[in-house]
């Protein structure tokens, strides 16, 4: 029972810390900063839904996948993510024009890099889930969320506006990816 509750209690505690940091971060940003990020989300959230195309589920549900098949999933996920990132980059000027926002252009171009970075978390998350190693998933999510919140808060205090949210998100995701792959190496 304790081991099954750990991921939930850890995520709950991290959410409290993250929400607290978000509340403080909000005080240092302007509503327009959140508007730019929310508008960019119209493009990136849809892409995130399409990111792994169900390949993560294949890794979890298939009993004996060879290393070659796992490598193929990594490749397919990265190729899909790169294609989605390129679509976001190609649509960035159209989005900036449509929403009358020069800031949106730059945010979408940087956000395009988020797709391949996020894709790097699909395979280790699936493999850790398959082997029922939920603790490293929970820890990586917790640590990366706190790091993301801390970086966003520090940059918001420094006055960089919406870039605080972008940089925090990229840094938190990179840390989560690193921790997940590291957890796979240490069994």
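Residue numbers (the working numbering): 2 to 188. Note that CB positions come from ideal geometry on N, CA and C, so glycine has one too. Every value quoted in this text rests on a predicted model; they were computed, and no experiment measured them.
Task: Residues of its chain near residue 129, where Cβ-Cβ distance is below 8 Å and the 5 sequence neighbours each way are ignored - done: 135, 137, 138, 181, 184 and 185
Open item on the list: Tell me which residues share the same chain as residue 153 and place their Cβ nearer than 6 Å to its Cβ, disregarding the 5 neighbours each side in the sequence.
Closed with: 26, 165, 166 and 169
Open item on the list: Using 8 Å for Cβ pairs, my map puts residue 1 next to residue 83. What's the rounded Cβ distance?
Closed with: What is shown of the chain runs 2 to 188, which leaves residue 1 out entirely.
Task: Length of the line joining the Cα atoms of residue 89 and residue 118 - done: 14 Å
TODO: Could you round the C-beta distance between residue 105 and residue 37 to whole angstroms and report it? I think they count as a contact, below 8 Å.
DONE: 6 Å
Task: Three-state class that DSSP yields for residue 42 in the structure shown - done: helix
- [ ] Could you tell me which uninterrupted alpha helix (DSSP H) segments, each at least 4 residues in length, are contained entirely in the segment 22–86, listed from first to last along the chain?
- [x] 32–51 and 56–62
TODO: May I ask which residues mark the beginning and end of the alpha helix (DSSP H) holding residue 121?
DONE: From DSSP, residue 121 is part of no alpha helix (DSSP H); its letter is neither H nor E.
TODO: State the CB to CB distance for the pair residue 158 and residue 29, rounded to an integer number of angstroms; the pair is presumed to be in contact (CB under 8 Å).
DONE: 5 Å
TODO: Leaving out five residues on either side along the sequence, give the residues of the same chain with a beta carbon under 7 Å from the beta carbon of residue 176.
DONE: 144, 145 and 148
Open item on the list: Distance check for residue 174 and residue 162, CA to CA, integer angstroms please.
Closed with: 20 Å
Open item on the list: Can you give me the C-alpha to C-alpha distance between residue 56 and residue 100, rounded to a whole angstrom?
Closed with: 34 Å
Open item on the list: Please report the distance separating the alpha-carbon of residue 22 from that of residue 14.
Closed with: 13 Å
- [ ] Could you have a look at residue 100 and say whether DSSP puts it in helix, strand or coil?
- [x] coil
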